[in-house]
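For the sequence shown, my numbering gives the first residue as -19, with consecutive numbering after it.
Here's the structure we're looking at; comments come further down.
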Amino acid sequence: MANKDAKHKSNVAGSWYCTDPDDENGEGCIACNVCYSGAPDFFAEDEDGNAYIKKQPESDEDKELCQEQLDACPVNSIGTDG
Ligand code: SF4
């Protein structure tokens, strides 16, 4: 489970989030580009290439797409509270 205490400051409000690269658990984003390449409607990159949620998924199909990015993230840096 991604560290909900280390959310990237640019995530839009909602249950899905990316974690900050400074996450002290060592699971912060490493700017690998998997999520914002795989689901660019929902994930974006900041000026350092680190990911944040730019739009929350609402439909089951969109949540499934985001879940695929969560599963593919190599450092456990994507989470969801919902
Ligand atoms: S898949 Fe994970 S490590 Fe890669 S850019 Fe997205 S949040 Fe960062």
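Positions of the beta carbon are idealized from the N, C-alpha and C atoms, including for glycine.
Per DSSP, residue 59 is one residue of the beta strand (DSSP E) stretching across 58 to 60.
When DSSP states are grouped into helix, strand and coil, residue 25 belongs to the strand group. The ligand SF4 has no heavy atom closer than 7 Å to the beta-carbon of residue 20. Note on geometry: alpha-carbon atoms of residue 2 and residue 39 lie some 31 Å from one another. At a Cβ-Cβ threshold of 8 Å, residue 46 and residue 11 do not count as neighbours.
With a beta-carbon spacing of about 15 Å, residue -8 and residue 49 fall beyond the 8 Å limit used to define contacts.
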